[in-house]
Amino acid sequence: MEYSLEILKYIGKFHPLVLHLPIGSLLMTFLLLLVSKFQKVALEKAIRIGVDFSFAGALMASIMGYLLSLDEAYDFNTLKFHFWAGIVTLILSFSLCVLHRMKAKENLFFGSYVLTLLALSVAGHKGGQITHGEDYLSTKDLFEETKVVMVKDSINYYKEVVHVIFEDKCISCHNANKSKSELRLDRHDLMMKGGERGSLFDSQNPLQGRLVQYISLPKEDKLHMPPKNKSQLTENEKWLLTHWVTSGAYMEQGNTSLAETNDLKSKVLSFLGADEKVLPAKSSDLSKLLALDFRIQPNALHDNLLKVKLMKSKWSEDHLKTLLKIKNQLLELDVSNTYFDDDMAAILADFPRLKVLRMDHTPISDTTLSYLENSNLEILNLCNTQVTHKGVEALLKKASLKTIYAWNTKVNIDQQKQLASIAPSMIHFGTSDLFAEKLNLSTPEMQNTNAIFNDSIKVIFEEAKVKNIDIRYTLDGSVPDDNSPLYTAPIELTQSTLVKAKSMKEGWLDSPVFERMMLKNNHHIVDYKVNNRLDKNFSISHHVDFTFQDNERVLFDGKKGKRVYRGTSIEEAKTWLGVVEEDLEIEVKLKDVDQINYVTLSMLENQDMKALYPKRIEVFGKSPQGKYEFLNALNIPVQKDPDERISYFKDFTLAVDLKGYNEVKVVGVGHGKFPDAPVYRKSIKRNAWIFADELIFW
């Protein structure tokens with residue numbers, strides 16, 4: 008039932024698409040009605056079909072609108088005017104169907120139609136305000152010339168810079184009508200309050216605040232903001248927001264000084280377009296670029312600059328000529344993985360505002376670099392090209408570049424060291440011993456989705472994304488090094504084993520250690536009992552609750568729990584067993600206890616789901632007299648700095664001596680309420696759930 012509601016909420020997202028059906032149909036049918044009324048043309052059948060279709064479309068749009076309103080990002084107090092206006096429109100459109108069939112008086116039907124269109128207009132206007140903001144159709148600034156307010160060489164940093172960035176990239180999801188994570192960015196006072204995860208800022212360590220952290224994450228990271236499917240911040244915008252936070256200016260809305268010698272002034276003026284106005288590219292030129300398989304992205308709302316990438320590999324004269332037509336607007340150009348070569352490269356000298364150029368995996372050589380010596384480039388990617396030490400050295404001496412990527416070129420290791428001495432921390436060859444900013448290999452990835460097996464299992468690692476990577480591994484708990492076994496084929500295991508692995512490559516930093524406990528299920532458990540109430544409601548998302556009643560089997564099914572999060576499906580959430588307001592207590596009857604040396608309990612922590620590791624795990628053995636005797640315990644410290652939205656998985660293992668004990672009790676001692684620790688400040692005083700998915704004796 009609850010899972011079906013999640014599907015219905017997804018269907019509700021089609022409301023903005025479907026609502027145009029009744030709008031278009033009602034207007035078209037009204038046009039037919041006018042023709043019929045004033046030109047005396049018989050169009051009764053067409054009008055009948057039109058009003059029926061309009062009602063059907065209005066009904067679909069209303070249902071989907073209601074389903075969309077169930078999303079917790081929308082406040083019903085904001086939606087209610089649009090909601091009821093839509094209901095009135097639906098009722099009136101139904102009345103048109105009835106009146107037309109009753110052959111009501113012509114004037115009554117016509118008047119009802121006009122009333123329906125008025126209701127439709129009101130509903131549409133209110134819906135538009137929800138989507139675009141209440142001031143979307145405001146005329147107060149229509150005839151005013153927007154000016155940058157400068158007072159004694161200063162600027163209102165929040166109003167003229169920060170709020171403009173938020174409005175362009177953030178406010179569509181964080182406004183009065185739609186406030187994702189309960190965060191509002193449309194007003195300074197509400198922004199300072201933060202969202203459901205707390206404040207955006209850290210006054211003690213500004214760079215650790217959520218705003219700076221989230222905009223600095225890689226685009227592929229789930230926590231990166233704005234989300235990867237949204238328009239992204241430019242490097243200049245990131246710099247301006249970071250400066251705003253680290254300088255402490257976020258705490259007020261007053262003017263900020265722009266000293267002549269301050270780098271801030273040039274970046275602010277560049278952002279505002281006050282240094283030089285860039286005219287927009289002609290729509291005809293953009294259309295032709297699109298027809299030639301260029302992908303075009305705007306840089307920002309206010310600057311008319313463009314980011315362009317060729318999506319196919321072959322170039323023609325037409326491509327070059329058309330690209331020149333936007334030379335004044337071109338900010339970023341991506342010609343990677345194409346046949347762009349030295350013969351075409353002369354065009355690069357004609358782009359005065361080009362800041363980012365990606366030419367990796369192209370057949371260019373030093374000839375191309377010569378055209379860039381007087382450019383304004385800041386970032387250049389030359390990986391997997393034919394450029395040499397001579398060409399790169401000449402470019403470093405003449406161009407004002409900030410970053411060059413030149414991995415896998417014709418520059419040998421000794422030449423790389425020499426170039427690094429000219430431009431330390433600017434040029435990157437992928438080697439880790441030349442630069443302050445060292446490059447790590449990625450941790451090996453295991454294909455096996457389940458770490459529990461019966462008789463045997465073959466451990467398989469994914470093929471590395473970088474060529475000629477060595478994966479070294481150990482099975483004895485030690486950290487892998489150059490002398491550890493080299494992974495060349497699947498590793499067969501027949502016993503419970505701790506697998507550790509590292510990616511290694513000459514000239515790179517070793518990857519972090521991959522670690523996973525592969526557990527053999529020897530089926531020592533004969534019977535089990537969970538001594539907990541499992542009828543407590545767990546809220547997996549807005550309006551969706553369920554219980555873990557009759558879900559004890561997941562502790563013994565030999566399957567690891569799914570990666571879950573707030574908003575996940577009930578089906579995936581029930582791959583775990585959750586208890587609240589009491590300790591997790593499991594009693595088991597065992598066989599072959601002389602073969603058992605360890606017990607492992609697999610747990611989940613996800614603050615957003617109110618799931619927290621227990622503070623201690625205890626193991627007791629039942630004596631012949633029927634009393635449980637203490638065997639071992641493991642204290643679990645609070646995590647240092649967990650992210651609220653990430654699911655953390657961990658297997659907690661305790662050594663046990665079960666000789667003489669055929670019955671065992673395992674207890675996960677919970678925190679009760681979330682502990683009074685800074686990392687849990689948004690959840691303090693809330694009940695902490697204990698989530699477990701597997702209990703193994705081995």
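According to this note's numbering, the sequence shown is numbered sequentially starting from 8.
In this text, a Cβ means the ideal position worked out from N, Cα and C, and glycines have one as well.
Nothing here was measured: the structure is a model prediction, and the numbers come from that model.
Contact check, I697 vs G675 under 8 Å by CB: the rounded distance?
About 5 Å separates the two Cβ atoms, so the contact holds.
Give, in chain order, every unbroken run of the beta strand (DSSP E) that is at least 3 residues long and sits entirely within the stretch 152-232.
Taking only runs of at least 3 residues, the beta strand (DSSP E) segments lying wholly in the stretch 152-232 are 161-163.
Report yes if the C-beta distance between R360 and L312 is below 8 Å; otherwise report no.
Contact: yes.
When you compare each of V129, N457, A695 and E51 to F116 by their alpha carbons, which one comes out closest?
Of the candidates V129, N457, A695 and E51, the one whose C-alpha sits nearest the C-alpha of F116 is E51.
List the whole-angstrom C-beta distance separating V48 from A92, where the pair is believed to meet the contact cut-off of C-beta under 8 Å.
Going by Cβ atoms, the distance from V48 to A92 rounds to 33 Å, so no, they are not a contact pair.
Just the C-alpha distance for F62 and I98, rounded to the nearest angstrom, thanks.
Approximately 9 Å, taken between the alpha carbons.
DSSP state of A653, grouped into three classes?
Here residue 653 turns out to be Ile, not Ala, going by the sequence shown. Reduced to three states, the DSSP call for I653 is coil.
Pull up the distance between the alpha-carbon of L24 and that of G64, whole angstroms please.
Using only the alpha carbons, I get a separation of about 11 Å.
Helix, strand or coil: how does DSSP classify H435 here?
Correct three-state label for H435: strand.
Okay, do the stretch 649-662 and the stretch 576-585 touch, 3+ Cβ pairs below 8 Å being the bar?
These segments do not touch.
Among the residues of its own chain, which have a CB less than 6 Å from the CB of P451, if the five just before and after it don't count?
Correct list, in chain order: F468, I478, A508, S510 and F521.
Measuring alpha carbon to alpha carbon, tell me which residue in S179, P225, K314 and D615 is nearest F545.
It is D615 whose Cα lies nearest to the Cα of F545.
Using DSSP with H/G/I as helix, E/B as strand and the rest coil, what is W251?
DSSP places W251 in helix when its eight states are reduced to three.
Does the separation of the CB atoms of M524 and F460 fall below 8 Å?
Against a cut-off of 8 Å, the Cβ pair of F460 and M524 comes out as no contact.
The alpha helix (DSSP H) with G72 in it runs from where to where?
Element bounds for G72: E51 to S76.
Tell me the residue span of the alpha helix (DSSP H) that contains F45.
Its alpha helix (DSSP H) spans residues H27 to Q46.
Using the Cβ count rule (16 or more neighbours within 10 Å means buried), how would you classify V673?
V673 should be labelled buried.
Output needed for K692: all residues of its chain with C-beta closer than 8 Å, excluding positions within five of it in sequence on either side, in chain order.
Here the set comprises K680 and F681.
For the alpha helix (DSSP H) containing D542, name the first residue and the last one.
Here D542 belongs to no alpha helix (DSSP H), and DSSP marks it neither H nor E.
With a floor of 4 residues, list each alpha helix (DSSP H) that falls wholly inside the stretch 367-422, ordered by position along the chain.
With a minimum length of 4 residues, the continuous alpha helix (DSSP H) runs that stay inside the stretch 367-422 are 373-377 and 396-405.
Taking all protein chains shown into account, decide if P225 is buried (16 or more other Cβ within 10 angstroms of its Cβ) or exposed.
When all chains shown are included, P225 counts as exposed.
Indicate the three-state DSSP secondary structure (helix, strand or coil) for F555 in the structure shown.
Residue state, collapsed to three classes: coil.
Quick check on this structure: which residue in L376, E242 and A471 has the alpha carbon closest to the alpha carbon of A356?
Nearest option by C-alpha distance: L376.
Identify which residue in K272, Q454, L127 and D367 has its Cα closest to the Cα of A413.
The candidate whose alpha carbon is nearest that of A413 is D367.
With a threshold of 8 Å on Cβ separation, who are the neighbours of L34 within its own chain once the five nearest residues in sequence on each side are excluded?
Here the set comprises L124.
If M71 and H27 are in contact, beta carbons under 8 Å, what's the gap, nearest whole angstrom?
Wrong, their Cβ atoms sit about 12 Å apart, outside the cutoff.
Is the number of C-beta pairs between the stretch 230-245 and the stretch 253-273 that are closer than 8 Å three or more?
Result no; under three Cβ-Cβ pairs closer than 8 Å.
Measuring straight from C-alpha to C-alpha, what distance separates I222 and S238?
Between I222 and S238, the C-alpha separation is close to 12 Å.
What is the C-beta distance between K409 and E385, in whole angstroms, given that I count them as a contact (C-beta under 8 Å)?
Indeed they touch by this definition, with Cβ atoms about 5 Å apart.
Provide the residue(s) that pair with W705 in DSSP beta bridges, ordered along the chain.
Beta-bridge pairing links W705 to no other residue.
Using only the alpha-carbon positions, how far apart do L247 and M610 sit?
Taking the straight line from one Cα to the other gives about 41 Å.
Verify whether the separation of the beta carbon atoms of L74 and T96 is less than 8 Å.
Contact: no.
Give me the Cα-Cα distance between T504 and G484, rounded to the nearest whole angstrom.
Each residue's alpha carbon lies about 8 Å from the other.
In chain order, what residues of the same chain lie with their CB nearer than 7 Å to the CB of W322, ignoring the 5 residues before and after it?
Excluding sequence neighbours, W322 sits near T345, Y346, F347 and M351.
Here's a check: name, in chain order, each residue in its chain whose Cβ is nearer than 8 Å to the Cβ of S372, leaving out the five neighbours to either side.
D349, T392, Q393, V394, T395 and G398, listed in sequence order.
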